[in-house]
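>
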Amino acid sequence: NDIFATLCEIAGVDVPSGSAVDSVSFADYIVSNNTEGLREFLGTWRFAGPLKESAIRYNNYKLVINHLQNTPMELYDLSEDIEEAVDLAMTADSDLIEMMTMMKAELDAIGPS
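Structure, rendered in structure tokens:
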């Protein structure tokens with residue numbers, strides 16, 4: 047969704063009224079590596095097909111929640127494991143558990159209603 051506002055800014059046009067109201071441009075980051083105004087969290091939701099998942103990125107970490115199965119949350123350190131092969135959630139220390147709790151709360155707050 048942020049791509050919409052970014053492309054509008056690069057093209058020099060306003061985001062049309064009522065379109066992508068939650069879109070945040072990252073054009074300044076592309077052009078000058080300026081990180082001001084970027085999202086601290088990036089959430090995604092997939093509710094089509096057999097999977098009902100949501101995920102949120104924070105720094106190098108990605109938290110995945112499967113809403114259909116009675117499965118625990120999954121946590122990956124994408125800086126060390128881009129393939130998402132090593133789930134850190136089951137072996138998380140107290141700092142990671144605190145971060146997972148904060149990430150889930152943020153995902154719930156920004157998620158679709």
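Heads up, the sequence shown stops at 159 in my numbering, and the numbers go up one at a time, no gaps.
Beta carbons are placed, not taken as given, at the ideal position from N, Cα and C, and that holds for glycine.
#1: Go to Ala57, then tell me how far its alpha helix (DSSP H) extends in each direction, as first and last residue.
#2: May I have the straight-line CA-CA distance separating Glu126 from Val59, to the nearest angstrom?
#3: Since Glu100 and Leu153 are thought to touch, with beta carbons under 8 Å apart, how far apart are those beta carbons, to the nearest angstrom?
#4: What residue range does the alpha helix (DSSP H) around Ala73 cover?
#5: Tell me the rounded alpha-carbon separation between Tyr107 and Ser65.
#6: When the Cα of Met149 is compared with those of Val132, Thr52, Asp74, Tyr104, which residue comes out closest?
#7: Considering only their Cβ atoms, is the gap separating Val110 from Met119 smaller than 8 Å?
#8: Going by beta carbon distance, what residues of the same chain come within less than 7 Å of Leu142, once the five residues before and after it are set aside?
#9: Which residues mark the beginning and the end of the beta strand (DSSP E) in which Pro112 is found?
#10: Have a look at Thr137 and Ala155 and give me their C-alpha separation to the nearest angstrom.
#11: Measuring straight from C-alpha to C-alpha, what distance separates Ala68 and Glu82?
Quick answer:
#1: 48–57
#2: 39 Å
#3: For the record, residue 100 in the displayed sequence is Ser; it is not Glu. So it is a contact: roughly 6 Å between Cβ atoms.
#4: 73–78
#5: Cα to Cα, the separation comes out at about 30 Å.
#6: Tyr104
#7: yes
#8: Leu121, Leu134
#9: It is worth fixing the name first, because residue 112 is Asn in this sequence and not Pro. Element bounds for Asn112: 107–112.
#10: 26 Å
#11: As written in the sequence, residue 68 is Asp, which differs from the Ala given in the question. Spanning the two alpha carbons is a distance of roughly 17 Å.
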